[in-house]
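Residue numbers for the sequence shown follow the numbering used here, so the first one is 16 and each next one is one higher. We put the CB at the ideal spot given by N, CA and C, even for glycine. Working notes, structure below.
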Amino acid sequence: MKSFLGVRHLARDDLEDLVDRAAWYASTRLEAPGPLDGLTVGALFFEPSTRTRLSFEVAARRLGAHTLTFFPEQSSLTKGETLQDTALTVLSLGVEILVVRHSTEGAPDSIHRWTGRPVINAGDGANEHPTQALGDLLTLQRHFGTIAGLSVAIVGDISHSRVAGSLMHALPTLGAEVTLVGPSELLPTATETALATSDDLDRVVGAVDVVYLLRVQNERGANIDSDYNARFQMGLDRAARMRASAVVMHPGPMNRGVEISDEVADGPRSLVLDQVSNGVPARMAVLAAIGEGL
Ligand code: NCD
């Protein structure tokens, strides 16, 4: 694999292969030296991040790589350096694989095009967040034993979510059925998606295996009405109406008291911390696949 820019165009076999690899890393203790022994992975995060950046660092180190983290607010970007020059500079320091998060859609693709070097998309604008999706697929696979046949409601600010942008392709590719739930102004229109949509969480909540909640992304222009919490918050009352085996997921960061209540976030149905843990083997799978292509 040369770069990992999105899951939208991945074939089922390729996606299954990555989930299998991730599952293998989740259950295997690596012997040193790892497959990225001696390489350097550079993290270029132009937007805030906790779990994505840290889990890439953990994943790269478990594979034997060194990591170099770039902090844009302390860099020459503040002196007017371009993204292209910044990327070329970091690569010239001996970085072999770049992990890029940026508010502009397509920025990781551009860096890959400009440099010809391996780039992993760690979230670009509202477009894709493919390694989050891979960690979530691993979480579902480990919890339910399968992804095919699951029914998943993705709930909340769909239109500004890069997590949804990746999941709404990855889940159907692996045979899950997806319904997008949210206020109509935060949902794609029928011409924009072939997936089922609903603005009524109460009609959907008892009929799915997974309720996947999203944060309302105010920083990307989302506006919500004052009845948002009443209509879309996952609280104990709605959790009680879920199927006995159904689970709640969230990519984090959670806005407790908006899309999810404390009781549900910390409750028995929540897979939120499994998602964080599974982000490490998922990112190991991607890094290792890229390392093989170097
Ligand atoms: C998400 C992101 O940054 O896209 N978080 C994450 O990486 N786990 C979701 C969000 O910001 O709401």
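Given a cut-off of 8 Å, decide if residue j and residue i are closer than it, judged by their beta-carbon atoms.
i: residue 137; j: residue 67; result: yes
i: residue 85; j: residue 103; result: no
i: residue 298; j: residue 184; result: no
i: residue 224; j: residue 176; result: no
i: residue 196; j: residue 167; result: no
i: residue 61; j: residue 117; result: yes
i: residue 237; j: residue 201; result: yes
i: residue 162; j: residue 229; result: no
Give every residue of the same chain whose Cβ lies closer than 8 Å to the Cβ of residue i, excluding the five residues on either side of it in the sequence, and list them in chain order.
i: residue 251; result: 276, 278, 279 and 282
i: residue 262; result: 158, 224, 225, 226, 284, 285 and 286
i: residue 38; result: 153, 156, 157 and 296
i: residue 305; result: 16, 17, 18, 19, 112, 133 and 135
Name the DSSP bridge partner or partners of residue i?
i: residue 117; result: 139
i: residue 227; result: 169 and 264
i: residue 83; result: 57
i: residue 271; result: 275
i: residue 162; result: Partner(s): none; residue 162 has no beta bridge.
i: residue 183; result: According to DSSP, which records beta bridges pairwise, residue 183 is partnered with nothing at all.
With 16 as the cutoff for other CB atoms within 10 Å, does residue i come out buried or exposed?
i: residue 108; result: exposed
i: residue 11; result: Look at the range of the chain in this structure, 16 to 309, and you will see that residue 11 is not part of it.
i: residue 145; result: buried
i: residue 148; result: buried
i: residue 36; result: buried
i: residue 100; result: exposed
i: residue 47; result: exposed
Tell me which residues share the same chain as residue i and place their Cβ nearer than 6 Å to its Cβ, disregarding the 5 neighbours each side in the sequence.
i: residue 289; result: 154
i: residue 80; result: 51, 54 and 56
Spatial neighbours of residue i within its chain, please: CB distance less than 7 Å, with the 5 preceding and 5 following residues excluded, ordered by chain position.
i: residue 187; result: 193
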